[in-house]
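A.B. asks:
Number of protein chains: 2
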Amino acid sequence: MRGLHADTGYLLYRLGLRSGQLFNTFLQESGLRLRHYAVLRFLATSDGALQRELSAQLGYDPSAIVGLVDDLEKLGFAERRPSPDDRRSRIVVLTAEGRTFLRDTDEAGLRVTNDLLDPLDPAERETLHGLLQRIVEDRPS
Amino acid sequence: MRGLHADTGYLLYRLGLRSGQLFNTFLQESGLRLRHYAVLRFLATSDGALQRELSAQLGYDPSAIVGLVDDLEKLGFAERRPSPDDRRSRIVVLTAEGRTFLRDTDEAGLRVTNDLLDPLDPAERETLHGLLQRIVEDRPS
DNA sequence: AGCAATAATTGTTGTCGTCAATAGTTGTTG
DNA sequence: CAACAACTATTGACGACAACAATTATTGCT
Chain Y
1 MRGLHADTGY LLYRLGLRSG QLFNTFLQES GLRLRHYAVL RFLATSDGAL
51 QRELSAQLGY DPSAIVGLVD DLEKLGFAER RPSPDDRRSR IVVLTAEGRT
101 FLRDTDEAGL RVTNDLLDPL DPAERETLHG LLQRIVEDRP S
Chain X
1 MRGLHADTGY LLYRLGLRSG QLFNTFLQES GLRLRHYAVL RFLATSDGAL
51 QRELSAQLGY DPSAIVGLVD DLEKLGFAER RPSPDDRRSR IVVLTAEGRT
101 FLRDTDEAGL RVTNDLLDPL DPAERETLHG LLQRIVEDRP S
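Sequences listed follow chains Y and X, in order.
Read the first sequence against UniProt numbering and you will find it ends at 141, with the numbers running on by one and no gaps.
Read the second sequence against UniProt numbering and you will find it ends at 141, with the numbers running on by one and no gaps.
1. For isoleucine 91/X, go through chain Y and note every residue whose CB falls closer than 8 Å to its CB, in chain order.
2. Step through the CB atoms of chain X and report whether any lies within less than 9 Å of the CB of proline 119/Y.
3. Verify whether the separation of the beta carbon atoms of arginine 41/Y and leucine 68/Y is less than 9 Å.
4. Does aspartate 7/X get closer than 9 Å to chain Y when you measure Cβ to Cβ?
5. Use the C-beta contact count for residue 143/X: other C-beta atoms within 10 angstroms, 16 or more gives buried, fewer gives exposed.
6. Terminal residues of the continuous beta strand (DSSP E) containing leucine 94/X?
7. In whole angstroms, give me the CA-to-CA distance for aspartate 121/Y and serine 83/X.
8. Identify the continuous beta strand (DSSP E) that holds alanine 78/X and give its terminal residues.
9. If leucine 22/X and leucine 128/X are in contact, beta carbons under 8 Å, what's the gap, nearest whole angstrom?
10. Going by Cα to Cα distance, which pick from Ser19/Y, Thr95/Y and Ala38/Y is closest to alanine 56/Y?
11. Note down, in chain order, every chain Y residue with its Cβ under 7 Å from the Cβ of aspartate 138/X.
12. For arginine 88/X, tell me which candidate among Leu11/X, Arg52/X and Thr25/X has the shortest Cα-Cα distance.
13. According to DSSP, is leucine 50/Y part of a helix, a strand, or is it coil?
14. Suppose you measure from the CA of valine 92/Y to the CA of arginine 18/Y; what does that come to, to the nearest Å?
15. Taking 9 Å as the threshold (C-beta atoms), are leucine 43/X and leucine 11/Y in contact?
16. Please classify proline 122/Y: does DSSP put it in a helix, a strand, or coil?
17. Rounded to the nearest angstrom, how far is the Cβ of serine 30/Y from that of threonine 105/Y, given a contact under 8 Å?
18. Using C-beta distances below 7 Å, list every residue in its chain close to aspartate 7/Y, excluding the 5 sequence neighbours before and after it, in chain order.
19. Does any C-beta atom of chain X lie closer than 9 Å to the C-beta of phenylalanine 23/Y?
20. Whose C-alpha, out of Glu79/X, Pro119/X, Glu126/X and Arg125/X, is nearest the C-alpha of isoleucine 135/Y?
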């Protein structure tokens with residue numbers, strides 16, 4: 001019988017852990033963690049999102065979003081604005097500082113990924129990326 | 001700027017989480033978790049391993065191994081034996097019950113992985129597996 | 001004999017995910 | 001239009017989990 005190392009699902013699990021660790025150590029100096037970074041980058045694409053949208057799109061619990069946005073507000077990278085349509089909702093938007101931060105750390109983030117994918121050549125990375133994306137998109141969460 | 005979803009490292013992180021969750025829910029009924037299962041399957045290949053070997057090979061902290069082996073012993077799936085060479089070390093071996101458990105759950109485990117990789121055809125799964133294995137083997141931990 | 005290194009263990013800390021509960025607001029419908 | 005159900009953000013609690021530091025017993029070195 002072969003070890004669990006041979007199973008693709010387990011490989012994904014192990015690599016996911018390692019990837020998360022790499023990202024977190026890279027973000028450490030800025031006081032953020034991976035989840036903050038994910039929120040920031042999502043905000044950069046959407047230009048304003050309700051917290052429940054962040055929750056749904058990123059797969060984090062609504063209660064987790066609260067703390068993340070709190071932290072980002074404290075750092076001045078994002079802010080909550082009242083929704084004109086619904087007074088229950090808050091619209092979270094990226095600030096100018098947040099945008100600057102993203103631009104400054106963009107290449108550093110890519111370097112982390114490049115480091116992880118070191119043993120693969122560019123074509124293989126492209127292949128891997130495509131396969132992973134197909135799996136993710138199959139059942140979004 | 002594209003969202004973090006587009007980054008391969010982040011995709012790995014997200015899929016790793018999902019894969020771990022799937023495995024854990026599958027193992028739930030047996031009272032085990034993913035890490036227990038990894039230990040069991042490693043023991044099945046090696047027929048006896050020191051705890052520090054489990055730690056090194058599986059990438060878990062030595063202190064984590066203690067609890068895992070404790071649980072496996074309580075369930076009767078593994079046991080600690082004194083090492084004849086070194087009284088500090090314990091040799092962890094799979095019991096007959098542990099072997100039976102592995103045989104019974106083997107196909108269920110494969111089904112979990114198949115479920116996760118549903119959108120990929122067999123050739124693509126092989127490709128993905130090969131790429132992931134290359135990354136894992138590059139810097140084992 | 002003395003001292004550094006090692007194996008297993010314990011304890012601590014911070015993060016994470018999930019779930020329950022609440023306050024305020026909106027939508028529905030009887 | 002009044003009562004009630006559903007929704008939004010928030011708070012709080014709990015267990016699972018990973019990463020580290022510290023401890024004990026043992027071994028190897030010299």
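Glycine included, each C-beta is placed from N, C-alpha and C at the ideal position.
C.D. replies: So, from the data block:
1. Counted from its first residue, the second sequence places residue 91/X at position 91. The premise fails here: isoleucine 91/X is roughly 18 Å from chain Y at the closest Cβ pair, so nothing lies under 8 Å.
2. Locating residue 119/Y in the first sequence gives position 119, counting from the first residue. Yes, its Cβ sits closer than 9 Å to a Cβ of chain X.
3. Here residue 41/Y refers to the residue found at position 41 of the first sequence. Here residue 68/Y refers to the residue found at position 68 of the first sequence. Leucine 68/Y sits away from arginine 41/Y, with the two beta carbons spaced by 9 Å or more.
4. Counting from 1 along the second sequence, the entry for residue 7/X is found at position 7. Interface residue, yes.
5. Outside the displayed span of chain X (1 to 141) sits residue 143/X, for which this structure offers no information.
6. In the second sequence, residue 94/X corresponds to position 94, counting from 1. It spans 90–94 - the beta strand (DSSP E) in which leucine 94/X sits, taken as one unbroken run.
7. Counted from its first residue, the first sequence places residue 121/Y at position 121. Counted from its first residue, the second sequence places residue 83/X at position 83. Taking the straight line joining both Cα atoms gives about 45 Å.
8. Taking the first residue of the second sequence as 1, we reach residue 78/X at position 78. From DSSP, the beta strand (DSSP E) with alanine 78/X extends over 78–82.
9. As a position in the second sequence, residue 22/X is number 22, starting the count at 1. As a position in the second sequence, residue 128/X is number 128, starting the count at 1. Not quite, the Cβ-Cβ distance comes to about 16 Å (not below 8 Å), so this is no contact.
10. Locating residue 56/Y in the first sequence gives position 56, counting from the first residue. It is Ala38/Y.
11. Residue 138/X sits at position 138 when you count from the first residue of the second sequence. Here the neighbours are Asp118 and Pro119.
12. Here residue 88/X corresponds to residue number 88 of the second sequence, with the count starting at 1. If we check each option's Cα against that of arginine 88/X, Arg52/X comes out closest.
13. Here the question's residue 50/Y lines up with position 50 in the first sequence. In the structure shown, leucine 50/Y sits in a strand (DSSP, three-state: E or B).
14. As a first step, residue 92/Y must be located in the first sequence, where it is residue number 92. As a first step, residue 18/Y must be located in the first sequence, where it is residue number 18. If I take the Cα positions, the gap works out to 30 Å.
15. Stepping through the first sequence from its first residue, residue 11/Y is reached at position 11. Stepping through the second sequence from its first residue, residue 43/X is reached at position 43. No, the Cβ-Cβ distance between leucine 11/Y and leucine 43/X is not below 9 Å.
16. Numbered from 1 along the first sequence, position 122 holds the residue referred to as residue 122/Y. Looking at proline 122/Y - three-state DSSP - the assignment turns out to be helix.
17. In the first sequence, residue 30/Y corresponds to position 30, counting from 1. In the first sequence, residue 105/Y corresponds to position 105, counting from 1. The pair is a contact, with the Cβ atoms about 7 Å apart (cut-off 8 Å).
18. As a first step, residue 7/Y must be located in the first sequence, where it is residue number 7. If we look at aspartate 7/Y and ignore the five residues flanking it on each side, it has no Cβ neighbours.
19. If you number the first sequence from 1, residue 23/Y lands on position 23. Against chain X, the CB of phenylalanine 23/Y has a partner CB under 9 Å away; the residue lies at that interface.
20. Start at 1 with the first residue of the first sequence, and residue 135/Y comes out as number 135. Checking every option, the nearest Cα to that of isoleucine 135/Y belongs to Pro119/X.
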